[in-house]
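The structure appears right after this line, and notes come after that.
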Amino acid sequence: MDLDFYKKQALQKQKEHKKFLDGLKKKPPKNLDYIVQETHEEVFDEVDCLQCANCCKTTGPLYTEKDIERIAKYLRMKQSDFEAKFLRVDEDNDKVLQNLPCFFLNNDNTCSIYEVRPKACREYPHTDRKKIYQINHLMLKNTVICPAAFEFVEKMMKNVTK
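This is the structure in structure tokens:
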């Protein structure tokens with residue numbers, strides 16, 4: 004997977020993508036959630052996250068208290084020890100990874116805590132959400148990081164106008 008190609012494409016198309024996503028917010032089609040789900044499935048039939056894992060290499064998720072509790076238990080650690088070893092508090096006062104790439108990313112792009120991974124990881128790249136226009140800013144950002152998010156917006160542009 005050529006990440007440089009996707010990143011260049013996404014940056015070149017930012018204005019076009021933003022205009023499209025803003026249009027969805029102003030006047031969402033009646034069947035938008037259905038189109039989103041269909042498009043999401045179409046994209047993930049083509050894109051294999053294990054070929055990429057750019058999200059795990061370049062962006063860290065927010066860790067909720069529930070995430071910390073669940074993962075620490077899975078790793079048989081005290082929550083405080085888990086936080087001290089892996090997390091830091093960022094400028095928004097959110098708990099995030101101390102370092103990237105993610106500590107739990109294996110060499111083959113699998114996740115060593117996949118069964119208990121953070122909610123943010125489970126939902127990424129958020130291409131199967133209802134009322135997708137509520138996260139336009141996030142979707143635009145994700146198109147630069149994630150080939151699937153880029154393909155999703157590209158296909159949405161075609162699928163909405165059908």
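Numbering (the numbering used here), first residue to last: 4 to 165. Virtual Cβ for every residue (Gly too), placed ideally from N, Cα, C. Predicted, not measured: the structure shown is a model, and the values here were computed from it.
Contact belief for residue i with residue j at Cβ below 8 Å, rounded distance in angstroms
| i | j | result |
| --- | --- | --- |
| Leu103 | Thr61 | 6 Å |
Distance between residue j and residue i (C-alpha atoms, nearest Å)
| i | j | result |
| --- | --- | --- |
| Phe89 | Gly63 | 11 Å |
| Thr113 | His43 | 21 Å |
| Phe8 | Arg79 | 41 Å |
| Lys81 | Ile74 | 10 Å |
| Asp70 | Leu35 | 31 Å |
| Pro31 | Tyr37 | 12 Å |
| Tyr245 | Glu19 | An answer regarding residue 245 cannot be provided, because it is not within the stretch 4 to 165 covered by the chain. |
| Thr67 | Leu27 | 30 Å |
| Phe85 | Tyr127 | 23 Å |
Contact with chain B by residue i, beta-carbon distance below 8 Å
| i | result |
| --- | --- |
| Val99 | Among the protein chains of the structure shown there is no chain B, as only one such chain exists. |
Beta-carbon gap between residue i and residue j smaller than 8 Å
| i | j | result |
| --- | --- | --- |
| Val156 | Met142 | yes |
| Asn139 | Leu14 | no |
| Lys158 | Val46 | yes |
| Val39 | Ile135 | yes |
| Gln12 | Phe153 | yes |
| Cys105 | Cys59 | yes |
Sequence-distant residues of the same chain with beta carbon closer than 8 Å to residue i, five excluded per side
| i | result |
| --- | --- |
| Leu65 | Asp97, Lys98, Val99, Pro121 and Ala123 |
| Pro3 | A query on residue 3 cannot be resolved here, the shown segment of the chain reaching from 4 to 165 and no further. |
Extent of the continuous beta strand (DSSP E) run through residue i
| i | result |
| --- | --- |
| Val50 | Premise fails: Val50 is in no beta strand (DSSP E) and is neither H nor E. |
| Arg120 | No beta strand (DSSP E) holds Arg120; DSSP gives it neither H nor E. |
Limits of the alpha helix (DSSP H) - the one that residue i falls within
| i | result |
| --- | --- |
| Lys21 | Gln17 to Lys29 |
| Lys98 | Unbroken run through Lys98 is the beta strand (DSSP E), Lys98 to Leu100; no alpha helix (DSSP H). |
| Val156 | Pro150 to Val163 |
| Arg91 | Arg91 -> not in any alpha helix (DSSP H); beta strand (DSSP E) instead, spanning Leu90 to Val92. |
| Thr61 | Asn57 to Thr61 |
7 Å Cβ shell around residue i - same chain, five flanking residues per side excluded
| i | result |
| --- | --- |
| Tyr77 | Ile116 and Val119 |
| Phe107 | Cys114, Ser115 and Ile116 |
Close Cβ partners of residue i (< 6 Å) along its chain, the five nearest in sequence each way excluded
| i | result |
| --- | --- |
| Met160 | Phe23 |
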